[in-house]
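Asks: Numbering-wise, numbering that gives the first Met the number 0 puts 29 at position 30 of the sequence shown, and it's gapless, one number per residue. Ideal Cβ placement from N, Cα and C applies to all residues, glycine included. Source: prediction; values computed, not measured. Provided herewith is a single structure, encoded as structure tokens, for subsequent inquiry.
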Amino acid sequence: MARKLLRYVIVSMFFLTIPIIFIHFVSAQSIPKEYSEEWPTVKKTAELVTIGYLKKEKTLDIVIKKVEPPEEYRTHEIYLFGHVADDKKQKISAIVNFSENYSIRDTSEDLF
């Protein structure tokens with residue numbers, strides 16, 4: 000009796016867990032066509048807005064080395080990483096929210 004109950008629990012867990020995991024991975028990997036078409040434009044605009052913002056607000060010339068899209072397209076945030084043009088040791092990082100008119104949040108830690 001205990002063996003049958005254990006077998007029932009294991010089989011039930013298997014049939015409940017596998018579909019949930021499958022649905023999670025499929026939904027996480029499916030990116031809408033519109034998003035993938037807009038990405039090059041959004042990426043370039045985020046770079047230009049960030050360069051302009053840091054030049055105006057902090058009088059820094061920066062070089063952006065890496066632009067990362069959000070892991071979930073629904074977050075509307077782009078992560079930018081780079082450094083000051085004259086000093087590669089001074090790292091820059093920012094988050095740009097492209098759904099809010101490209102609002103910028105400077106996340107650099109060691110600027111000043």
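(1) Hey, Val41 and Phe80 are a contact pair by Cβ (cut 8 angstroms); roughly how many whole angstroms apart?
(2) Would you grab the beta carbon distance between Val62 and Ile77 for me? Rounded to a whole angstrom, and I think it's under 8 angstroms.
(3) Can you have a look at Phe111 and say buried or exposed, based on whether 16 or more other CB atoms are within 10 angstroms of its CB?
(4) Roughly how far, in whole angstroms, is the beta-carbon of Ala84 from the beta-carbon of Asp105, given that I think they are within contact range, below 8 angstroms?
(5) When DSSP labels each residue in this structure, what does Ser35 get in the three-state scheme?
(6) Looking at the secondary structure, which residues open and close the beta strand (DSSP E) in which Phe80 lies?
Replies: This is what the structure gives:
(1) Approximately 17 angstroms separates the beta-carbon atoms of Val41 and Phe80; this is outside 8 angstroms, ruling out the contact.
(2) Going by Cβ atoms, the distance from Val62 to Ile77 rounds to 17 angstroms, so no, they are not a contact pair.
(3) The predicted position of Phe111 is uncertain, since its pLDDT is 49 and thus under 50; a value taken from the coordinates is nonetheless stated next. Its Cβ having fewer than 16 others within 10 Å, Phe111 is exposed.
(4) Beta-carbon to beta-carbon, Ala84 and Asp105 are separated by about 16 angstroms, too far to satisfy the 8 angstroms threshold.
(5) Residue state, collapsed to three classes: helix.
(6) Looking at the DSSP string, the run of the beta strand (DSSP E) that includes Phe80 is Glu76 to Val83.
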